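Numbering (the numbering used here), first residue to last: 1422 to 1690.
Comments concern the structure below.
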């Protein structure tokens, strides 16, 4: 390989950092990989940070000391995130999204990678101090959102199932009460999915009474792990008292009127 130009090195550095959010890279490793002095690398990193911050695309954090290094944080300004969520709320409130039974059609939104990536980054920044080791969800429509939250944190995704799978080995199963239907349901988790003491952030797409989230919390406790937070995309206003005491939702669904064909949903950010 011939001599690498600075602009090419900066492009490669940016790609490496952005593809691995929150991963701490040592300056020594980067210096060896790109065959440059630490002072030169510091200038490159500063240039990347300046560009990302200028266009509200994230930031670069440097940490001093023997255990220090550099990492990318997928951060956007509060104003930009608020505008993004407000625009998404407007799209969610489109009358043609109303489905029989008072439901909202959102597949075109919650299955779009660009939207999911931004939602994942917003949830990560909101709960960054929780520092989870794993993101957990149940096998339902919340999987795509949970996966992008896991990407933003750069940690594994763990999925509870309605029924255990023989391909996943022995599992821990619990019964829980659905908050909306009051029916007893079952969910299971492979024993090897979560180590004891692991910090877990629960993520789901929708919460009404909180029965599923409560079940996930109980399942985490059964395997000896710790729930550090519960985040959902949409939570209904009613019932006000959920089965989960503390949670964060990006949107609040106040009401769906089948007669007037109106959806009252708002950003909770």
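We treat Cβ as the ideally placed atom computed from N, Cα and C, and that holds for glycine.
Remember, predicted model here, so these are calculated numbers, not experimental data.
Am I right that residue 1644 and residue 1622 are in contact with their C-beta atoms under 8 Å? What's the rounded C-beta distance? Mapped onto the chain shown, residue 1644 falls at position 223. Mapped onto the chain shown, residue 1622 falls at position 201. That pair is no contact at about 15 Å.
Which residue marks the beginning of the alpha helix (DSSP H) containing residue 1427, and which one marks its end? By 1-based counting over the chain shown, the position of residue 1427 is 6. Element bounds for residue 1427: 1427-1440.
Jot down the residue ranges of each uninterrupted alpha helix (DSSP H) in the segment 1467-1536, minimum 4 residues, whole runs only, in chain order. 1499-1513 and 1528-1531
Residue 1614: which of 1577, 1543 and 1650 sits nearest, CA to CA? In the chain shown, residue 1614 corresponds to position 193, counting from 1. Closest by alpha carbon: 1577.
What residues in its chain sit with their C-beta under 7 Å from that of residue 1470, if we drop five residues either side in the sequence? Taking the chain shown and counting its residues from 1, the one referred to as residue 1470 is at position 49. Cβ within range, chain order: 1480 and 1481.
According to DSSP, residue 1606 sits in a beta bridge with which residue or residues? Taking the chain shown and counting its residues from 1, one reaches residue 1606 at position 185. Residue 1606 pairs with 1597.
Using DSSP with H/G/I as helix, E/B as strand and the rest coil, what is residue 1543? The count along the chain shown starts at 1 and reaches residue 1543 at position 122. Reduced to three states, the DSSP call for residue 1543 is helix.
Reference residue 1428; option with closest CA among 1441, 1461 and 1654: Locating residue 1428 in the chain shown gives position 7, where the first residue counts as 1. The shortest C-alpha separation from residue 1428 is found at 1461.
Cα-Cα separation between residue 1514 and residue 1496, rounded to whole angstroms: Stepping through the chain shown from its first residue, residue 1514 is reached at position 93. Stepping through the chain shown from its first residue, residue 1496 is reached at position 75. Whole-angstrom Cα-Cα distance: 27 Å.
What first and last residue would you give for the beta strand (DSSP E) that runs through residue 1574? Against the chain shown, residue 1574 aligns to sequence position 153. Here residue 1574 belongs to no beta strand (DSSP E); instead the alpha helix (DSSP H) covers 1564-1574.
Can you check DSSP and say which residues form a bridge with residue 1704? The structure shown does not extend to residue 1704, since the chain is modelled only from 1422 to 1690, so the question has no answer here.
Measure the alpha-carbon distance for residue 1652 versus residue 1548 and round it to whole angstroms. Against the chain shown, residue 1652 aligns to sequence position 231. Against the chain shown, residue 1548 aligns to sequence position 127. Residue 1652 and residue 1548: Cα-Cα distance of roughly 9 Å.
Using 8 Å for Cβ pairs, my map puts residue 1595 next to residue 1636. What's the rounded Cβ distance? Residue numbering aside, residue 1595 sits at position 174 when the chain shown is read from its first letter. Residue numbering aside, residue 1636 sits at position 215 when the chain shown is read from its first letter. Indeed, because the Cβ distance is near 7 Å, the residues count as touching under 8 Å.
Going by the beta-carbon positions, is the gap between residue 1655 and residue 1670 smaller than 8 Å? Within the chain shown, residue 1655 is the residue found at index 234, counting from 1. Within the chain shown, residue 1670 is the residue found at index 249, counting from 1. Yes.
What would DSSP say about residue 1635, mapped onto helix, strand or coil? Position 214 of the chain shown, counting from 1, holds the residue named residue 1635. If DSSP states are grouped into helix, strand and coil, residue 1635 belongs with the helices.
Check each candidate in 1546, 1634, 1612 and 1458 and name the one with the smallest Cα separation from residue 1590. Counted from its first residue, the chain shown places residue 1590 at position 169. Taking only the C-alpha atoms, the option nearest residue 1590 is 1612.
By the DSSP assignment, the alpha helix (DSSP H) with residue 1449 in it spans what residues? Along the chain shown, read from residue 1 onward, the residue named residue 1449 stands at position 28. Taken as a continuous stretch (DSSP letters only), the alpha helix (DSSP H) holding residue 1449 covers 1448-1455.
Pair within 8 Å by beta-carbon distance, residue 1490 and residue 1448: By one-based count along the chain shown, residue 1490 stands at place 69. By one-based count along the chain shown, residue 1448 stands at place 27. Contact: yes.
Going by DSSP, what residues sit across from residue 1651 in a beta bridge? In the chain shown, the residue the question calls residue 1651 occupies position 230. According to DSSP, which records beta bridges pairwise, residue 1651 is partnered with 1623.
Identify every residue that forms a DSSP beta bridge with residue 1559. Working through the chain shown from its first residue, we reach residue 1559 at position 138. DSSP output for residue 1559 lists 1581 as bridge partner(s).
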